[in-house]
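K.L.:
Residue numbers (numbering that gives the first Met the number 0): 0 to 408.
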Amino acid sequence: MNESIERTDGKPSEVGVWDYLYVIYKWRKFIVLNVLILTLIAVIVALLLPVQYKATATVMAPRKSDLFGGLDAFSQSIREFAPFLRGLSGNQPPLFTYLAILNSRTAMEKVVNKFNLMKVYAIKDSSMEKAIKKLRGNTDFEIDENGVLVINVYDEDRKRAADMANYFIEVLNEINIKLNIEEARNNRIVLEKRYLQNLADLKAAEDTLKKFQQKYGIYYLPEQTKAAVEAAAELEAQIMAEEVKLGILQRQLGEDASEVKLAKIQIEEMRKRLNQMKEGNDKLKSELSLFVPFKDMPELGLQYLRLYRDYEIQNKLLEFIVPLYEQAKIEEQKNVPVVQVLDYAVPPEKKARPFRTLIVLSVFSSALVLFIIIAFVNESFLNRKRMLNSLEIKTYNFARKIAELYKIS
């Protein structure tokens with residue numbers, strides 16, 4: 000149909016509110032009937048939707064404990080380093096780690112298998128992917144404003160909903176312990192290698208010092224020099240200890256982590272201070288007036304001093320490594336729950352969804368707006384004098400059929 004269609008009835012030159020109300024009144028039967036039909040369908044669908052209950056469990060972040068409180072001042076850095084021995088990331092809060100675990104495929108699969116959710120969700124092809132997708136839609140994990148991890152589980156069976164929420168806590172504990180033990184094992188291996196090397200270096204330093212003493216008959220240092228040597232040895236041992244810590248931080252957090260950058264700066268500053276102690280520095284002399292710059296020592300005395308210093312370094316380093324190594328072995332053997340449960344889930348009394356009233360109201364309001372718009376479009380085409388293309392002609396014919404069907408004149 001290529002010819003254009005003209006209308007003879009006129010169109011108002013100005014359109015006001017009453018004109019809009021007139022169109023709605025004119026098409027009232029079309030609007031009301033269709034809105035009622037869609038709303039009725041929404042009511043039926045909402046009533047047929049299965050009822051689901053929400054069970055909630057809450058988990059708190061683990062409290063910090065000082066496992067190294069009995070150590071001396073030199074071991075202050077050990078207490079600071081304790082969280083890394085337990086496998087806890089320095090820049091990742093525990094609750095965010097818990098969130099990652101709960102949302103992992105491993106955790107979801109355990110819950111699917113535990114409660115036979117493929118059968119519960121009627122997954123016909125036994126697809127784990129579909130079961131996990133369905134389970135994700137029925138779970139909600141979030142950290143609330145109080146810093147508490149909330150575990151929400153929806154299910155048609157109120158008891159199963161509570162059991163699933165509590166099982167998520169069990170799975171969280173299981174995976175968290177496994178990850179911590181694995182990380183602690185890696186840390187123990189690193190520290191063990193350094194510990195064994197330290198023992199070998201200490202024995203070598205002892206043997207070399209003993210041979211030197213026997214050869215030259217030097218068995219002691221002046222108190223002034225001894226104090227300087229021990230101070231330098233302690234500082235150098237601290238540098239080595241910080242390098243051990245840096246290595247573990249780099250493996251756990253990566254090169255770009257703020258903790259890694261800070262550790263590098265700290266080591267660099269400690270090295271500068273050590274060099275000043277070895278070479279002599281006016282400012283440092285004022286702070287350490289009892290220390291004799293190492294370069295001012297006689298040659299034979301300087302050689303003995305260096306051997307004694309090497310012995311002291313390995314000795315001081317051993318004081319640092321042994322507690323860390325022992326603690327790493329303890330952490331590797333730990334197999335106790337670490338998640339602190341604030342509230343376990345209990346079977347809920349009231350249904351949580353579907354939100355039937357909301358569904359019906361949403362469909363009603365959407366349908367009302369939709370059919371009012373259709374009414375205005377139809378009225379516009381019916382009042383046109385001229386159709387410019389085939390699409391407008393088809394729309395006009397459609398509007399005319401609707402008007403005839405609902406007896407709109």
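Note that beta-carbon positions come from the ideal geometry of N, C-alpha and C, so glycine has one too.
How about Val398 and Leu37: are their beta carbons less than 7 Å apart?
P.N.:
Looking at the sequence shown, residue 398 is not Val but Ala. Not in contact: Ala398 and Leu37 (Cβ atoms no closer than 7 Å).
K.L.:
What is the C-beta distance between Ala60 and Leu94, in whole angstroms, given that I count them as a contact (C-beta under 8 Å)?
P.N.:
Correct: roughly 5 Å between the Cβ atoms.
K.L.:
In whole angstroms, what is the alpha-carbon distance linking Phe337 and Ile174?
P.N.:
Before going further, note that residue 337 is Val rather than Phe in the sequence given. So the alpha carbons of these two residues sit roughly 11 Å apart.
K.L.:
Within its chain, find whatever has a CB closer than 6 Å to the CB of Ala161; leave out the 5 residues flanking it on each side and keep chain order.
P.N.:
Take Ala161, set aside five residues on each side of it, and the residues of its chain with a beta-carbon closer than 6 Å to its own are Ala54, Ala344, Val345 and Pro346, in chain order.
K.L.:
Quick one: is Ile372 buried, meaning 16 or more other Cβ sit within 10 Å of its Cβ, or exposed?
P.N.:
exposed
K.L.:
Identify the continuous beta strand (DSSP E) that holds Met386 and give its terminal residues.
P.N.:
Unbroken run through Met386: none, as it is neither H nor E.
K.L.:
Quick check: the Cα distance between Lys333 and Ile180, rounded to an integer number of angstroms?
P.N.:
Rounded to the nearest whole angstrom, the CA to CA distance from Lys333 to Ile180 is 7 Å.
K.L.:
Express the C-alpha separation of Ile100 and Ala106 in angstroms, rounding to a whole number.
P.N.:
7 Å
K.L.:
Starting from Leu46, follow the alpha helix (DSSP H) in both directions and report where the run begins and ends.
P.N.:
Arg27 to Leu47
K.L.:
Given this structure, state the Cα-to-Cα distance separating Phe73 from Ile142, to the nearest angstrom.
P.N.:
Bear in mind that the predicted position of Phe73 carries a pLDDT of just 42, short of 50, making it too unreliable to give a figure here.
K.L.:
Considering only residues of the region 198-285, which uninterrupted alpha helix (DSSP H) runs meet the minimum length of 4 residues and lie entirely inside it, listed in chain order?
P.N.:
222-252 and 257-278
K.L.:
For the alpha helix (DSSP H) containing Met106, name the first residue and the last one.
P.N.:
For clarity, residue 106 is Ala in the given sequence; the question names Met instead. Element bounds for Ala106: Arg104 to Lys113.
K.L.:
Taking C-beta to C-beta, are Asn409 and Ile247 nearer than 7 Å?
P.N.:
Shown here, the chain extends from 0 to 408; a query on residue 409 therefore has no answer.
K.L.:
For Ile168 and Lys271, I'd like the C-alpha separation in whole angstroms.
P.N.:
Approximately 50 Å, taken between the alpha carbons.
K.L.:
Would you please state the rounded distance, in angstroms, between the beta carbons of Tyr194 and Tyr324? I believe it to be under 8 Å.
P.N.:
5 Å
K.L.:
How long is the line joining the alpha carbons of Leu116 and Asn314, rounded to whole angstroms?
P.N.:
59 Å
K.L.:
Determine contact between the region 32-49 and the region 121-141, defined as no fewer than three beta-carbon pairs at a distance below 8 Å.
P.N.:
no
K.L.:
Across the region 17-27 and the region 107-126, are there enough close Cβ pairs to call them in contact, namely three or more that are closer than 8 Å?
P.N.:
Verdict: no, contact absent.
K.L.:
I'd like to check one pair, Arg184 with Glu318: are the Cβ atoms closer than 7 Å?
P.N.:
no
K.L.:
When you compare only the Cα positions, how much space is there between Val152 and Thr138?
P.N.:
5 Å
K.L.:
Pick out whichever of Ala236, Glu241, Tyr303 and Phe363 has its Cα sitting closest to the Cα of Glu258.
P.N.:
Glu241
K.L.:
Can you give the beta carbon distance from Leu134 to Val110, rounded, assuming they're within the 8 Å contact cut?
P.N.:
About 6 Å; that satisfies the 8 Å criterion.
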